[in-house]
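So the structure is just underneath, and the comments pick up after that.
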């Protein structure tokens, strides 16, 4: 089994990658607080006097990390709302802030006073940013930040520090803390939006598959409904004639047998896709479905001039390939190409959505069934990862001997269906 290039990161879906990036961004928030608060302290007062202040920052940074991690789990629906963690974080923020203000109030020397005041501001700012992850709605986030700013000013005043400092720290927490808070809230909202878009994409893919199944069901109903109704009527008539010992009963049963064989043949045609042997329509439909699912799809090569059995076989291959691209992996691009080479029509479908699976992706039931259908007309199928993050499906169907003039025409014509769609 080959691994998709990129290791564990390459195997992740796009939403999972974005979630990992968002989580690590929040995990780095405590380190950011440490770098912002501890650096100036060490530069102003030196290592030994700064030890109590650095300890305060370490405690608050640890609480900040726990808070954002559990709040993000709640926003993703992985746990209940961390109410106790939220209260514990609020109490920790208040205690650390008050302790920093007391050190600033009673500290010896202007350096310690300024350093403690700086730590108080940093604790309030990062406290607002972390709490925003556990708050729903823009108005609530703004009210929370305003509460932190007002609380900072009040704490400044009740600890006996100059009122001018309270006038400065309040707006500072409001502006800078508000920036951090709305950045955190926007990151969580963007993560929810990415998952919602991915769910919508998967829903479109499932609807496309369901629509194809309904189309098959309608075709099967059209074929079987009429024939079974006639068979039932003629069987009932044959029973009545046989009860009367009329020789016409044999004629009716022969007709029933003919209708049964006819229905069996038509069912096989439906299953094999022979009733709608339009390769161009299948390619256009596959391209439209893939584009609607957010996959950049291109179709190149001639699609006309082939015999009906060849078009039907290739059309079924296109359906199966498009279904696999939608249902398996995380493709962003898909390319379908048709070529005529040495009396054989070659269809290649490649996409970049390889997801390693046990037993290999080329052993799916759909591809096994497609290989059996192609074998009936001498066709071949190869499918599997190419080793560079691509999945390649190659179908080769021989052209009938009597269509020798059609092959060069198809090979040399200017492709009238070369198209490109961008989602």
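Residue numbers (my numbering): 3 to 425. Where is the CB? At the ideal position from N, CA and C, for every residue including glycine. None of these values were measured; they are calculated from a predicted model.
Distance CB(residue i)-CB(residue j) smaller than 8 Å
i           : j           : result
residue 53  : residue 104 : no
residue 28  : residue 135 : yes
residue 2   : residue 35  : Only positions 3 to 425 of the chain appear in this structure, which leaves residue 2 out of reach.
residue 226 : residue 265 : yes
residue 147 : residue 179 : yes
residue 207 : residue 124 : no
residue 94  : residue 65  : yes
residue 68  : residue 87  : yes
residue 177 : residue 121 : no
residue 391 : residue 354 : yes
residue 371 : residue 397 : no
residue 126 : residue 91  : no
residue 158 : residue 145 : no
residue 74  : residue 190 : yes
residue 252 : residue 236 : no
residue 119 : residue 106 : yes
Residue i versus residue j: straight-line alpha-carbon distance, rounded
i           : j           : result
residue 317 : residue 213 : 16 Å
residue 13  : residue 393 : 14 Å
residue 341 : residue 187 : 52 Å
residue 142 : residue 181 : 14 Å
residue 202 : residue 163 : 55 Å
residue 339 : residue 349 : 6 Å
residue 308 : residue 399 : 11 Å
residue 334 : residue 293 : 10 Å
residue 195 : residue 117 : 41 Å
residue 260 : residue 315 : 27 Å
residue 369 : residue 328 : 14 Å
residue 16  : residue 234 : 55 Å
residue 320 : residue 199 : 26 Å
residue 454 : residue 401 : What the structure shows of the chain is the stretch from 3 to 425, and residue 454 is not part of that stretch, so it cannot be assessed.
residue 113 : residue 192 : 42 Å
residue 55  : residue 32  : 15 Å
residue 21  : residue 403 : 56 Å
residue 77  : residue 156 : 32 Å
residue 197 : residue 81  : 17 Å
residue 243 : residue 232 : 16 Å
residue 272 : residue 288 : 19 Å
residue 139 : residue 300 : 42 Å
residue 245 : residue 256 : 17 Å
residue 57  : residue 297 : 51 Å
residue 364 : residue 133 : Any reading at residue 364 needs caution, since the residue's pLDDT is 44, under 50, leaving its predicted position unreliable; the model's value is listed next. Using only the alpha carbons, I get a separation of about 48 Å.
residue 511 : residue 324 : A query on residue 511 cannot be resolved here, the shown segment of the chain reaching from 3 to 425 and no further.
residue 63  : residue 205 : 41 Å
residue 361 : residue 71  : In this prediction, residue 361 has a pLDDT of 40, which is less than 50 and means its spatial position is unreliable; what the coordinates show is noted afterwards. Computed Cα separation, rounded: 36 Å.
residue 343 : residue 332 : 31 Å
residue 218 : residue 322 : 14 Å
residue 99  : residue 326 : 57 Å
residue 19  : residue 83  : 24 Å
residue 387 : residue 373 : 17 Å
residue 313 : residue 285 : 11 Å
Host alpha helix (DSSP H) of residue i (start-end)
i           : result
residue 301 : Per DSSP, residue 301 belongs to no alpha helix (DSSP H); it is in the beta strand (DSSP E), 298–302.
Rounded distance between the beta-carbons of residue j and residue i, thought under 8 Å
i           : j           : result
residue 172 : residue 154 : 6 Å
residue 291 : residue 385 : That pair is no contact at about 19 Å.
residue 254 : residue 239 : 5 Å
residue 311 : residue 379 : 6 Å
residue 345 : residue 306 : The pair is not a contact, with the Cβ atoms about 18 Å apart (cut-off 8 Å).
residue 395 : residue 347 : Going by Cβ atoms, the distance from residue 395 to residue 347 rounds to 14 Å, so no, they are not a contact pair.
residue 222 : residue 269 : 7 Å
Limits of the unbroken beta strand (DSSP E) element including residue i
i           : result
residue 163 : Note, residue 163: premise wrong, no beta strand (DSSP E); not H, not E.
residue 397 : 393–400
residue 387 : 382–387
Exercise for review: Any chance you could list the alpha helix (DSSP H) runs of at least 4 consecutive residues sitting entirely within the segment 83–149, in chain order?
Suggested key: 85–108, 112–133
Check your understanding: Which ranges would you report for the alpha helix (DSSP H) in the segment 195–241 if only whole runs of at least 4 residues count?
Key -> none
Exercise for review: For the segment 304–349, list the alpha helix (DSSP H) runs that are entirely contained and at least 4 residues long, ordered along the chain.
Suggested key: 310–329
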